[in-house]
Every structure is written in C-alpha cells, then in structure tokens.
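Student: Residue numbers (UniProt numbering): 1 to 482. The beta-carbon is built from N, C-alpha and C at its ideal position, and this holds for glycine as well.
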Amino acid sequence: MPSNSLPEQGRRPAWRRVVPGFLALAMTAAAPMVAPASSEAAPAHVDNPFAGATSYVNPDYAENVQSSIDQTQDADLQAKMQQVKSYPTAVWLDRIAAIEGGEDNGGRLSLREHLDEALAQQGSGPITASFVIYDLPGRDCSALASNGELPLTQQGLQRYKNDYIDAITDVMDDPKYNDIRITTVIEPDGLPNLVTNLDDPECAEAKSSGIQVDAVQYALNQLHDISNVYTYMDFAHSGWLGWNNNLTQTVQLYTDVVQETDAGFQSVDGFATNTSNYTPTEEPFLTDPNARVGGNQVRSGDFYKWNPNFDESDFAASLHDQLVSNGWPSSVGTIIDTGRNGWGGSERPTQESSSTDLNTYIEESKVDRRAHRGLWCNSSGAGIGVPPQAAPSGHPNANIDAFVWTKPPGESDGSSEEIPNDEGKSPDPMCDPDYVAPEAGNNPTGALPNSPLAGHWFHEQFKMLVQNAHPEISAASREGTN
1 MPSNSLPEQG
11 RRPAWRRVVP
21 GFLALAMTAA
31 APMVAPASSE
41 AAPAHVDNPF
51 AGATSYVNPD
61 YAENVQSSID
71 QTQDADLQAK
81 MQQVKSYPTA
91 VWLDRIAAIE
101 GGEDNGGRLS
111 LREHLDEALA
121 QQGSGPITAS
131 FVIYDLPGRD
141 CSALASNGEL
151 PLTQQGLQRY
161 KNDYIDAITD
171 VMDDPKYNDI
181 RITTVIEPDG
191 LPNLVTNLDD
201 PECAEAKSSG
211 IQVDAVQYAL
221 NQLHDISNVY
231 TYMDFAHSGW
241 LGWNNNLTQT
251 VQLYTDVVQE
261 TDAGFQSVDG
271 FATNTSNYTP
281 TEEPFLTDPN
291 ARVGGNQVRS
301 GDFYKWNPNF
311 DESDFAASLH
321 DQLVSNGWPS
331 SVGTIIDTGR
341 NGWGGSERPT
351 QESSSTDLNT
361 YIEESKVDRR
371 AHRGLWCNSS
381 GAGIGVPPQA
391 APSGHPNANI
401 DAFVWTKPPG
411 ESDGSSEEIP
421 NDEGKSPDPM
431 CDPDYVAPEA
441 GNNPTGALPN
451 SPLAGHWFHE
461 QFKMLVQNAH
471 PEISAASREG
481 TN
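1. Is the distance from the Cβ of residue 352 to the Cβ of residue 365 below 7 Å?
2. Could you tell me which residues DSSP puts in a beta bridge with residue 181?
3. For the beta strand (DSSP E) that residue 91 lies in, which residues bound it at each end?
4. To the nearest angstrom, how far is the alpha carbon of residue 426 from that of residue 417?
5. Comparing the CB of residue 162 with every heavy atom of the ligand PLP, is any distance shorter than 6 Å?
6. List the whole-angstrom C-beta distance separating residue 282 from residue 238, where the pair is believed to meet the contact cut-off of C-beta under 8 Å.
7. Name the two residues that bound the continuous alpha helix (DSSP H) containing residue 271.
8. List the whole-angstrom C-beta distance separating residue 127 from residue 118, where the pair is believed to meet the contact cut-off of C-beta under 8 Å.
9. Do residue 227 and residue 440 have their C-beta atoms closer together than 7 Å?
10. Let me check one thing: in DSSP terms, what residues is residue 403 bridge-paired to?
11. Can you tell me the Cβ-Cβ gap for residue 130 and residue 203, rounded? I've got them flagged as a contact below 8 Å.
12. Which residues in the same chain have their Cβ closer than 8 Å to the Cβ of residue 391, if we skip the five residues on either side of it in sequence?
13. With DSSP as the reference, label residue 55 as helix, strand or coil.
14. Alpha helix (DSSP H) containing residue 256: first to last residue?
15. Checking 7 Å against the spacing of the C-beta atoms, do residue 309 and residue 318 come in under that value?
16. Could you please give me the residues that DSSP links to residue 218 through a beta bridge?
17. Does residue 198 come within less than 7 Å of chain B when only Cβ atoms are used?
18. Measure the alpha-carbon distance for residue 253 versus residue 195 and round it to whole angstroms.
19. By a C-beta neighbour count over all protein chains shown, 10 Å radius and 16 as the cutoff for buried, is residue 39 buried or exposed?
20. Hey, quick one: how far does the alpha helix (DSSP H) through residue 324 stretch, first residue to last?
21. Here's the rule: buried if 16 or more other CB atoms are within 10 angstroms of the residue's CB, otherwise exposed. What is residue 379?
22. For residue 247 versus residue 322, is the C-beta distance shorter than 7 Å?
23. What are the boundary residues of the alpha helix (DSSP H) that residue 360 is part of?
24. So within the segment 154–198, which uninterrupted beta strand (DSSP E) runs reach at least 3 residues, ignoring any that extend past its ends?
25. So the candidates are 345, 180, 235; which of them puts its Cα closest to the Cα of residue 337?
26. In whole angstroms, what is the alpha-carbon distance linking residue 166 and residue 222?
27. On the CB-based measure, 16 or more other CB atoms within 10 Å of its CB, does residue 339 come out buried or exposed?
28. Out of curiosity, what's the CA-to-CA distance linking residue 200 and residue 384?
29. With 16 as the cutoff for other CB atoms within 10 Å, does residue 451 come out buried or exposed?
30. Please check the pair residue 135 and residue 164, which I expect to be a contact at CB under 8 Å, by giving their CB distance rounded to whole angstroms.
Right under this line is the structure:
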C-alpha cells in the first residue's frame, strides 16, 4: 500500500482495522438477568447513546478469551484475562453468513441471538450493543488480508442491499429490540480509500463506478429508519487522514455522500476513528506539533512527516472542526477504538526526551512504538488501551461520545500465508514479520509471526496485549479463572 511520505499528500500506508468481533467504566457491564419486556414504541433517539448505558458483553468473545485463559499458566495473567473477558466489544458482521451465525460463521451467534443476549444482560436502564457493518462490494480495495465476499459489480451491490443490509435491518427493526441502543460502525476504510488510494486500480474503479458510495448511502438510509439504531461512519485514523489535505478532502467526500442520503446529516450520529488500529489516544510527551527541536518543527520528523495530528484525541478535535465548518451539526460525536493502542510494557517512555536531534527526540518520546505509522498488522509490542468508557473527560474540543473496543483485542489483523477459507481473505505481506515494507518507509512490518486469518483468534497476540496494557489491567478475582 502507498505510504504517507510527503507532507499533506499521504495515503493510507498500510494500516487498518480488521475483522471481527463495549463495559464502559461509565458503561459498566451488566450482569446477566432477565430483561424487562420491551415497549412497543422505541425510546427517543439520544445525542450520545453510550451515556448512562451499560454495554453488551459478547459471549463469543468471552469464549475466545477463556480459551486463552485455559492456555495460560501464570495466575496473575489469568486474572487479568478474566477481567478483559467482562469488557464489551463490537460484533463484526463481516459477511452475509455472520447475520445468520451458526456453522457457516464459525459457530458464532447470529445477529438475532446477539440482540437476544443483550436483552438478557439488560438491567433497569438502557444498554448498547455495537455492530460493525463490513461487507462493502470490493471491500478494502487497497488490501488483501481483509478482502470481502462481494465483487465490485452491480450484482455485488444488489446482494449487499438485498442479502446483507436488508437482512440486518429486518432483524434490528424487530420491536422486541426497541430498548437496545444499537450502535453501528459503517464500513471501515471504505470511503477513505476513495480519497487517498486512487493510484490503486481497484480503488480507482471503486470510485469511478460509484458502487461503494451507493452502498454506503443505502446502508445509512436503511439503518437511520430505525430510531434505536445509531450510525457512526468510519473515518480511518490520524496516521492516515491527519494531514490537512487528506482531512479536508475526505470530509468533503463524506459531506457530499451524506447530503445525498434521505435524511442528510441527520442520518449520521458520529464518526469512528482508529478502528482496528494502534494509534495512541494521547501522546503525553508530544503535545505541540509546532514545537522545535534542533531548529526543526516536531511534526517534520521522519515519524510524522508533517502530519500535525500525533494522536487520536487531537485528530478527533481536528475532524470535528472540519465537519462543523462544512455544515455538520456541532453535536456530531466521535468514538475512538482504544482496544489495542495502550502501548504499555518496558518499551513505553516515561518522560520527554532531552535529545536535541529531532528524530531521536521523537523516538524516545512517543508511546507509539511502531517504526512507521503505516504498520498495521498484528503489531509487536502493542497493548490494550483504556477500557470502554462513555463521554470521557479531558478532550473538550473533540466531542468524544465514547472510548470503545471496536476491534476485539486478540482477533488477528490477517495472515502472511495462504490459509484456505470461504471468507474472501488473502495473505498480506504486511502481516509477514520478515517483509520490509516500501509503503511504510522501508521498515520491517513488526508483525507477530504465525498469525491466523483476519478476525480469527490469535492467542499469542492476546497474551501480549494483556501483558502490555496501559493502563495496567486490574486483575479480577482469581476464583474461577481456570
């Protein structure tokens, strides 16, 4: 994939989210209990669905975590894993089979079964359940690990509408689920590729055909028609769209796309950033991109390449400013995926560097331990970040609705070797630890070895993420961890 090597001209280097799969400290996980009977009329659509709500804990994810607990001998690490097991994560609807669940979807729950489980976990107040809408025709045109099942054709578009989106909304629109605040993340990486990756023939075709824009607009129209469904459009992350040109052009595309939906701006509740990525929420020792070290602005260093947005909270603030300037309501919010952006462990810096060499200063000060921001696959040294939390404080200009775990920690970003599958996923060199990536500054990928397909459980990665969590995970009671 192309790299962000030039000031304000970068493209998606090679990062992303991936498949599949929220407790918030303010959204504490509800203990399973019989849900109250749902009212026929859905509750009012609120500004921030996560505020004042508990969040659905996915039993499929808990089962995966338990498999890692069973493989772990260290009691302290087991206890930390047990705590992670109680956290809410998003469910990825990454193919049509995921809607129906069962053996065709690896034995996972169906969409309806997830919503039934959410009702069972609901207490006396509201509960959120989060789903990723992720089956765009010609999906992820600039990648291999997360290619999808639907081709970039009119036939693929019709299947997306009829067999995928309509099937999802048929379930979500059941009055039985009116009391669940269903939050959705719309098509990770889809639209950003149509701005920054047009030198890729598949992405160029995706834009010129209009198929992906049509698909996103259809999804927004159908989902917005259900009053208890909340839509968050994926908006990549700071290391991809943080340059002024990239940010401005991408906001313009989103504005144009959304204004052509039935409800215009009202069809979108907010934006999702850092989905399946590793960019820190904050860089505590790098707070001013215009500060000078050795006579040069910090943002001019090799790691940032003139990108002024060093972290996701700054990026969310920049995004919010651009959106409002383009006519979006000031209430539009952001959710940030913090599932794998903690970067704890022994390599995490504890203070600002005193070096007068710019690149040394950045390397010794940044908590993001990757060699390049374009390295996205199963990053070695990463750790779990801040647990899911509604309306986090400390970011007044970013209008953050919640920190979430959209990408469940422990689910692989992709494989480097061919693994037979019926999910449309191919091996990607960015997942190969031995690959030197020209699209990421000619750096080794830093990927963990022996990774499974995107979205499949990766025990060694999960173990690393728990060990390197920042803040450190408070171990749950050890009783029952085995």
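Tutor: So, from the data block:
1. In contact: residue 352 and residue 365 (Cβ atoms closer than 7 Å).
2. For residue 181, DSSP records a beta bridge to 128.
3. Going by DSSP, residue 91 is part of the beta strand (DSSP E) stretching over 91–93.
4. If you take the alpha carbons of residue 426 and residue 417, they lie about 8 Å apart.
5. As presented, the structure is devoid of all ligands, the ligand PLP included, so that no description of it is given.
6. Not a contact, Cβ separation roughly 11 Å.
7. For residue 271, there is no enclosing alpha helix (DSSP H); the enclosing beta strand (DSSP E) covers residues 270–273.
8. Confirmed, about 6 Å.
9. Annotated as distal: residue 227 and residue 440, with beta-carbon spacing of 7 Å or more.
10. Per DSSP, 336, 389.
11. Rounded, the Cβ-Cβ distance is 27 Å, inconsistent with contact.
12. Closer than 8 Å at the Cβ level, and outside the excluded window around residue 391, lie 26, 48, 50, 51, 400, 401, 402.
13. It is a strand residue.
14. Taken as a continuous stretch (DSSP letters only), the alpha helix (DSSP H) holding residue 256 covers 244–259.
15. Cβ distance < 7 Å, so residue 309 and residue 318 count as in contact.
16. Residue pairing by DSSP leaves residue 218 without any beta bridge partner.
17. No chain B is present in this structure, which holds just one protein chain.
18. The alpha-carbon of residue 253 is positioned some 8 Å away from that of residue 195.
19. Confidence at residue 39 is low in this model, with a pLDDT of 48, below 50, so the placement of that residue should be treated as unreliable; the coordinate-derived value is given next. Exposed, because fewer than 16 other Cβ atoms sit within 10 Å of the Cβ of residue 39.
20. Run containing residue 324: 312–325, per the alpha helix (DSSP H) assignment.
21. Buried, by the Cβ-count rule.
22. Pairing residue 247 with residue 322 gives a Cβ-Cβ distance under 7 Å.
23. Where residue 360 is concerned, the enclosing alpha helix (DSSP H) starts and stops at 358–365.
24. Every beta strand (DSSP E) of 3 residues or more that sits fully in the segment 154–198 is shown, in chain order, as 180–186.
25. The shortest Cα separation from residue 337 among 345, 180, 235 belongs to 235.
26. Residue 166 and residue 222 have their alpha carbons spaced roughly 8 Å apart.
27. Counting Cβ neighbours within 10 Å, residue 339 comes out buried, since at least 16 surround it.
28. Their Cα atoms are separated by approximately 33 Å.
29. With 16 or more Cβ atoms within 10 Å of its Cβ, residue 451 is classed as buried.
30. In this structure residue 135 is in contact with residue 164, their Cβ atoms being roughly 5 Å apart against a cut-off of 8 Å.
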